[in-house]
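Take the sequence shown: its position 21, counting from 1, is numbered 900 in our numbering, and each next residue is one higher.
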Amino acid sequence: MTTGRSINVSRFIAAPREHIYRAFLDAEAVATWLPPDSMKGIVHAFEGREGGAFSMSLVYSDDEASQPGKTSDKTDRFEGRFARLVPDESIVWATVFDSEDEGFSGEMTVSTTLSPADGGTDVTMVCDNIPSGIRLEDNEEGCRSTLDNLAAFVGG
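In structure tokens:
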């Protein structure tokens, strides 16, 4: 099911493209920078190569209210694969959320582009086919938080 819903978020990160690219291919790194806001990341499986699969959970803090469409009250679990990798230039993830709610089903694509910029890298994330149960504003806010975390992780 294709929703046609998408968002585009960009941020300058004062770090070389190769450092940012490597942060996408390391399970421990992804568990650290990917979870937005106060969430915690748990990696269940991770093959950091083109065609490689991954599985993760994003766990909400105890003080956050439960949201609809989650795998459980405090957890969003998702699986995916590295659909395309171009070293130091782009990463494309195809992800599927583990939810019984049809509004959260379907494959969402997250395409990240790393463009050279004076003093660092312009990082752009485009999320396509966002499930209808996810508010676009929430997806955009989550991506902004993720990019801020990525910047802090790589030192930029």
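Ideal Cβ positions, reconstructed from N, Cα and C, are used throughout, including at glycine.
Since we're looking at a predicted model, the values are computed, not measured.
Residue range of the unbroken alpha helix (DSSP H) whose run includes residue i
{"i": "residue 959", "result": "Not the alpha helix (DSSP H): residue 959 falls in the beta strand (DSSP E), residues 954 to 965."}
Within 8 Å, strictly: CB atoms of residue i and residue j
{"i": "residue 960", "j": "residue 985", "result": "no"}
{"i": "residue 957", "j": "residue 938", "result": "no"}
{"i": "residue 1003", "j": "residue 899", "result": "no"}
{"i": "residue 1007", "j": "residue 988", "result": "yes"}
Cβ neighbours of residue i in the same chain (closer than 7 Å, five flanking residues each side left out)
{"i": "residue 1035", "result": "892, 893, 894, 999"}
{"i": "residue 1022", "result": "886, 888, 1004, 1006"}
Beta-carbon proximity list for residue i, same chain, < 8 Å, skipping 5 on both sides
{"i": "residue 1019", "result": "886, 888"}
{"i": "residue 1024", "result": "915, 916"}
N-terminal and C-terminal residue of the beta strand (DSSP E) that residue i is part of
{"i": "residue 969", "result": "969 to 976"}
Exercise for review: Could you tell me whether the region 1026 to 1035 touches the region 1006 to 1018, using the rule of 3 or more Cβ pairs below 8 Å?
Suggested key: no
Check your understanding: Quick one: complete beta strand (DSSP E) runs, 3+ long, within the region 889 to 933?
Key -> 919 to 925
Review point. If you scan the region 990 to 1021 from start to end, which runs of the beta strand (DSSP E) of 3 or more residues do you find wholly inside it?
Key: 999 to 1007
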